[in-house]
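Protein chains in written order, with my numbering: chain G, 1012 to 1363; chain Y, 1012 to 1363; chain U, 1012 to 1363; chain W, 1012 to 1363.
Protein chains: 4
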Amino acid sequence: MVVVMAPEATEADVDAVVSQVETAGGDAFVSRGVNRTIVGLVGDVRQFGALNLRGMRGVSDVLRVSVPYKLVSRENHPNRSVVRVGGVPIGPGTMTLIAGPCAVETPEQTLAAAQMAKAAGATLLRGGAFKPRTSPYAFPGLGEAGLRILADVRAETGLPIVTEVVDAGDVALVASYADMLQIGTRNAQNFTLLQAAGEAGRPVMLKRGMSGTIDEWLMAAEYVAQRGNLDIVLCERGIRTFEKATRNTLDISAVPVAQRLSHLPVIVDPSHSGGRRDLVLPLTRAAIAVGADGVIIDVHPHPETALCDGPQALVDGDLRELAKIVRDLPGIVGRSLTVAEPAPNPAGTVPV
Amino acid sequence: MVVVMAPEATEADVDAVVSQVETAGGDAFVSRGVNRTIVGLVGDVRQFGALNLRGMRGVSDVLRVSVPYKLVSRENHPNRSVVRVGGVPIGPGTMTLIAGPCAVETPEQTLAAAQMAKAAGATLLRGGAFKPRTSPYAFPGLGEAGLRILADVRAETGLPIVTEVVDAGDVALVASYADMLQIGTRNAQNFTLLQAAGEAGRPVMLKRGMSGTIDEWLMAAEYVAQRGNLDIVLCERGIRTFEKATRNTLDISAVPVAQRLSHLPVIVDPSHSGGRRDLVLPLTRAAIAVGADGVIIDVHPHPETALCDGPQALVDGDLRELAKIVRDLPGIVGRSLTVAEPAPNPAGTVPV
Amino acid sequence: MVVVMAPEATEADVDAVVSQVETAGGDAFVSRGVNRTIVGLVGDVRQFGALNLRGMRGVSDVLRVSVPYKLVSRENHPNRSVVRVGGVPIGPGTMTLIAGPCAVETPEQTLAAAQMAKAAGATLLRGGAFKPRTSPYAFPGLGEAGLRILADVRAETGLPIVTEVVDAGDVALVASYADMLQIGTRNAQNFTLLQAAGEAGRPVMLKRGMSGTIDEWLMAAEYVAQRGNLDIVLCERGIRTFEKATRNTLDISAVPVAQRLSHLPVIVDPSHSGGRRDLVLPLTRAAIAVGADGVIIDVHPHPETALCDGPQALVDGDLRELAKIVRDLPGIVGRSLTVAEPAPNPAGTVPV
Amino acid sequence: MVVVMAPEATEADVDAVVSQVETAGGDAFVSRGVNRTIVGLVGDVRQFGALNLRGMRGVSDVLRVSVPYKLVSRENHPNRSVVRVGGVPIGPGTMTLIAGPCAVETPEQTLAAAQMAKAAGATLLRGGAFKPRTSPYAFPGLGEAGLRILADVRAETGLPIVTEVVDAGDVALVASYADMLQIGTRNAQNFTLLQAAGEAGRPVMLKRGMSGTIDEWLMAAEYVAQRGNLDIVLCERGIRTFEKATRNTLDISAVPVAQRLSHLPVIVDPSHSGGRRDLVLPLTRAAIAVGADGVIIDVHPHPETALCDGPQALVDGDLRELAKIVRDLPGIVGRSLTVAEPAPNPAGTVPV
């Protein structure tokens, strides 16, 4: 960290900063300029986190020069990680397609969507049983009944399950069914939930907060990692901006940026980013081309009657095009589409 | 609602929309233009919420013309509400000062801050025992020990307590100590927590999400209200924008806008909006002048050693100026500073 | 357009709206709901533009249901356009690479950059002689001397020139050298400049304003088109958001959205979007994959001494990779890289 | 400035940075940490502006620790300035009301609006003759005919004129009529216009760009100042955010922030910020209370027929309330409403 002193700071103010840093076990280097003095701090960011340097007299700014997350950072873990979900790898070298309905509605709808997903090349099934909805009058999901449907469809299709959990109190229940826990954008800073997910013994897919910086996203991952779980997949799903032509603005640059800062896999959700069916395929192509480790896509057998996010679900004709994209495009960026393999450690049977 | 058909929509597409609306128990009025047909929907927004009109063939857009929240809306409740917290009113006619430390650290620090707050004119004490922190390495609060300190300071000073709850599982515990539950910006769409708070038998202060629209904020309040609790105070605390000179951008216009849309009281947090001590007093003046029903302010006896948000806490000299502002300015907007009165129903003794 | 009346609007208020619309030559359809009445307007948006419906008594909102731009809209011009620049096509079917230095500094640097660009597959040369700089202390460009250098390099390499114009008073001068006029993000709503560019007899590349909506961008294009010039290429270059890891946030979705709304070609600037060299190639791949009609990229023989935007300029090693991308990737989206062909009407010799 | 080296930077990389800085006439102080080395630069920011330190090998970041504007900064000019417009002061101690129609339409409308403005306490008249409009189909203003109307109304009412100029080529013409030149939000980075305004011999009101940071706003002012004109008034008019309940989001904090960074007066435009009549008075109160040096407000005798921004213009009843606010509120912040005084040097008669 670098402490920038105000022009009017006295020698005593500078000395006080140096002394605080040294008391915390760090070293301080003072550079005196014409207008300002700066103090460089050397040591561990965790040491300095408890110091309130910004509150000290004569301090005008405190600039961070290293990352505030350690476990998920690439600084001490240069190789990119592979996260396995029910035996399916997500990470460098492959491009994994996750697909399924936004919300689980009925056994028939879920099975049909899973079969559509599989036919398009998906090796993981998404589907929500607990849905965070902006309006209390919207469909909140089927809860445990939805989890049971997902488990049945997994048995039928062989596709491991990714499903959302919205409250720390539900983590054990959801983890007893799911192969991967999804934490949604509205819970990106629900720290109790992040910690509970870190202790559940399942891989976690962590969506970026809709107004979360990349740093905050990695800090949220650090919360999960701190509880001993490094099987985390980051998911870019669009951020909130002034532009209203799309539901969110897909921050495609966040993929290479996060991959450079963190060793964790980074995937993209083209369905929720745009919120429009006609954008899903172009954004899927962009995601694969930019180097995403996977994409997660809404499909629905009958979008016009979907209880959630129907406007963005892909339908039959689109799926043939999707199958072609995920088959042909990954090769251009040195990857291959992840294909199904027998899970060595079938999920759903592990006690949690 | 208004359904806008695409230029290429057929008569059959229009008929399908009309038929869906009528099946849901509403009425549909069709206006045929040169390029486009629009369908006006008449009925209750809750009827139409389950319809996936956007997903129907030939539909290009669905525009909402009435508000999606009912219980907190002013449409059916034209008079603005007063919420009483441990006997202290927040609402039209008064301007209530809530102050205290960002985080409860020690009994001494909390008592000193409470006395500073009271001397400045505060009638409610704020203080966090459960703190949501962006970094897992930052001080997370004292938990229940902090709640006990707050209760002791309440006994000593007579100031009812406002304190944050961050997880649905903690609501009963926090409600057993607090006079008002605070829901923070990072939990503005933690719907499980909102519902739990709605059932806790305590007034709720609901901060706006840092990227939440005013509509989403009122929808979050609707979640609380739906559980039978209309004692809700909205708190504007700054939104996330491109401008980085301040920690957040105080959306001062949100105060009159929310007061016009909802009957609930609206207060402002000038401390967290700006994140800078030198902005707290100017923003407090702006908040009172714009017509806020209250302000909530960080004070700390020794900000330079504060474990949380020290840079924005007011200190002694500022407090005399604050006292003057809250005494003199409310009169300009036809309000008076709320003064302490004996709580008819002292909090902390009610079984919850 | 749809006029939404307030709940308290009277019959007389509704009649007044209807009468205003009819006076302007349009038709009005009234739908009376339980809480609100809406009035649908039928006619040309240009007729209603002068009406101040929002200002009328009893009106709570006015919603637009068709686009406010006509000449650049795809509604009346369903086929996507090809714009030719010195004989080089930009449009559907092809993917055009435009490359060159951010700023023209010397003849040697410009020629070297042009040769790098050409070797990578570029068929158009970019380079700024008039530079809008945020700081008055930054390098403002060489002005006409820079234009002469560009003309010399065009003669040497055969690459037509794209260069920026920043003031209406300079349009004739710049157009006498340039094959295409570039309007930068800071001038995206400099309407005098847009109109002057529309009259200059040269194709125009119109960058999106850094905080411009897609609608505003197309309205800016409409200003150019209105002066009789439909040879306009839209350029997405990143928008301003809260995320600071990148200089701007590339709005990759804007490409398919703008292509759906307008018949004009849409290209992407990966260099200025990210502002970081390490992001240029990934974002170029994303741009091509999403379906952009071209990309415009900064290259520089010695970025470490560049007078402008050195941190984002590609250098030698990157260019071999770029050449591979623009050769291999367009085929995946049914396009081929634009190749040089003799200009039938060599620019720089046409009187303007 | 502080240069942060990457963890993998070599000694040679550090030496190269030091050598570049010294060649530019500055001094460099090197602090070597465990993970990173930082280099503190001492000297004038203008010296280092031309260095491309970010582009050098081994450099991971360059952090600015002092402001990039000199002439408008408070660092070398601690006392806040007063700008006089036709004899009317804007600055500390006073609160100046500027009011008038958004656009000049007719002599009658302009005179009526000016009389309304004066009755409410205004000492300066606003009114647009050249209007930048998002749509080419909207009313563009009357041009010079509008300026003549303004001059006639000035003669009749004694109110000096503030009016917008949108192109460098019009500056001399507008300056020959106006007492103060207004630069609008869409031209906040039209540097040619800023420079021309700096040479016109008239005070300049500089609106903040709708997506401009406070730093960029002050840099724009520096462009004007550099041409020898320090009579600049900054005007906060709302920024673009995700919130759409208001036309823009008034950044009320920008007033004290800009006043702390710059010695120039800072005023607020409550009309364009909110874009809604019902917000103008609350936002005016907030602006005065936060410490603005003035406010600029749209008034119109018949807003329902206004050719521009009718929905936000104040009408008769509001004006009595406005008069009360500007009379009573400034005293609370130690200011008094600016009152008219004979202009010692009447504008409109000075050759330019």
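Just so you know, even glycine gets a beta-carbon here, dropped at the ideal spot from N, CA and C.
Asked	Found
For residue 1086 of chain Y, the three-state DSSP class (helix, strand or coil)	coil
8 Å Cβ shell around residue 1288 of chain Y - same chain, five flanking residues per side excluded	1314, 1322, 1323, 1324, 1325, 1326 and 1329
Cβ neighbours of residue 1308 of chain G in the same chain (closer than 6 Å, five flanking residues each side left out)	1110 and 1282
Assigned secondary structure, residue 1040 of chain G (DSSP; H/G/I helix, E/B strand, else coil)	strand
Chain-ordered residues of the segment 1323 to 1337 of chain W with a beta carbon less than 8 Å from chain G	none
Chain G within 8 Å of residue 1342 of chain W, Cβ atoms only	no
Exposure label - residue 1034 of chain Y; buried when at least 16 CB within 10 Å	exposed
Cβ contact check for the segment 1095 to 1109 of chain G and the segment 1072 to 1082 of chain G: 3 or more pairs under 8 Å	no
Nearest to residue 1333 of chain G (by Cα), restricted to the options G:1128, G:1083, G:1062 and G:1043	G:1128
Under the three-state DSSP convention, the category residue 1351 of chain W falls into	coil
Where residue 1026 of chain Y falls, given that 16 or more other Cβ within 10 Å makes a residue buried	exposed
Neighbour flag for residue 1264 of chain U against chain G, beta carbons, 8 Å	yes
Residue 1157 of chain G, enclosing alpha helix (DSSP H) - first and last residue	1155 to 1168
Beta-carbon contacts of residue 1355 of chain G that lie in its chain and below 7 Å, excluding the five residues immediately before and after	Any reading at residue 1355 of chain G must be qualified, since the residue scores a pLDDT of 49, below 50, and its modelled position is unreliable; the value itself is stated next. Counting only Cβ-Cβ distances below 7 Å, and skipping sequence neighbours, we find 1098.
Residue 1119 of chain G classed as buried or exposed, judged by whether at least 16 other C-beta atoms fall within 10 angstroms	exposed
Buried versus exposed, by CB contacts within 10 Å (16 or more), residue 1284 of chain U	buried
Exposure label - residue 1175 of chain U; buried when at least 16 CB within 10 Å	buried
Element boundaries [alpha helix (DSSP H), containing residue 1335 of chain Y]	1327 to 1339
Paired residues, beta bridge with residue 1218 of chain W - DSSP	W:1246
DSSP three-state assignment for residue 1114 of chain G, whether helix, strand or coil	strand
Residue 1083 of chain Y vs residue 1204 of chain Y beta-carbon contact at 8 Å	no
Beta carbon proximity, residue 1268 of chain U to chain G, threshold 8 Å	yes
C-alpha gap between residue 1233 of chain Y and residue 1146 of chain G, whole angstroms	8 Å
Inter-residue spacing [alpha-carbon to alpha-carbon] between residue 1364 of chain W and residue 1267 of chain G	In the structure displayed, chain W extends from 1012 to 1363; residue 1364 of chain W sits before or after that span and is not available.
From G:1199, G:1222, G:1319 and G:1171, residue whose alpha carbon lies closest to that of residue 1351 of chain G	G:1171
Against chain Y: residues of the segment 1293 to 1310 of chain W by CB proximity under 8 Å	1293, 1294, 1296, 1297, 1298, 1299, 1300, 1301 and 1302
Residue-chain proximity (residue 1022 of chain Y, chain G), Cβ-Cβ < 8 Å	no
Rounded C-alpha distance that separates residue 1137 of chain Y from residue 1052 of chain Y	46 Å
Short CB-CB distance (under 8 Å) between residue 1217 of chain W and chain Y	no
Neighbourhood of residue 1041 of chain U by C-beta, 7 Å cutoff - its chain only, sequence neighbours within 5 removed	1025, 1029, 1048 and 1050
When G:1114, G:1263, G:1251 and G:1277 are compared against residue 1093 of chain G, the one with the closest alpha-carbon	G:1277
For residue 1315 of chain W, the three-state DSSP class (helix, strand or coil)	helix
Supposed contact pair residue 1293 of chain U and residue 1185 of chain G - C-beta distance, whole angstroms, cut 8 Å	Not confirmed; about 34 Å, so no contact.
Residue 1019 of chain Y in three-state terms, based on DSSP	coil
Residues that residue 1175 of chain U bridges to, as DSSP identifies them	U:1193
Closest residue to residue 1256 of chain G among U:1303, U:1224 and U:1236 (Cα-Cα distance)	U:1224
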